[in-house]
Amino acid sequence: MIRLVLWCRAGHGRLQAAKMLGMGEVPTISVNHLSEAQATAFMIADNRLTEISKWDEKLLAEQLKFLTEAELDFSVDVTGFLVPEVDLLLEALT
54 MIRLVLWCRA GHGRLQAAKM LGMGEVPTIS VNHLSEAQAT AFMIADNRLT
104 EISKWDEKLL AEQLKFLTEA ELDFSVDVTG FLVPEVDLLL EALT
């Protein structure tokens, strides 16, 4: 008998965003081949990378512009950016 246990090792923010969007299914990558230590190291590295990364603000603004012009069934603030922040980024494009 095998008991499958699902555990989000990394991507907690993506999982939360998917829940906010009402997604019933979320694409995943199985890491069953990793040891407990490797999976823990991956989780720490994944979280650390978000702390030390920087936005390409022009690209971010272009992507947010696309979203604001698209017919969405969700609010652009699910991206984690407040509408005033989006507005400031879009102003920089002009």
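Under the working numbering, think of the first position of the sequence shown as 54, with each following residue one higher.
Each residue gets a CB set at the ideal place from its N, CA and C atoms; glycine is no exception.
With DSSP collapsed to three states, give me the class of residue i.
i      : result
Lys72  : helix
Asn100 : helix
Thr93  : helix
Thr81  : coil
Ala114 : helix
Output yes or no for whether 9 Å exceeds the beta carbon distance between residue i and residue j.
i      : j      : result
Lys118 : Leu141 : no
Leu146 : Glu115 : yes
Gly133 : Gly75  : no
Below 7 Å CB to CB, which residues in the same chain sit around residue i once its five sequence neighbours on both sides are set aside?
i      : result
Asp130 : Val136
Going along the chain, which residues of its own chain have a beta-carbon closer than 8 Å to the beta-carbon of residue i, five neighbours each way excluded?
i      : result
Leu113 : Leu142
Nearest to residue i by CA position, among the options, is which residue?
i      : options              : result
Leu87  : Pro80, Thr81, Phe95  : Phe95
Trp139 : Ala90, Glu110, His65 : Reading off the sequence shown, one finds Val at residue 139, where the question assumed Trp. The shortest Cα separation from Val139 among Ala90, Glu110, His65 belongs to Glu110.
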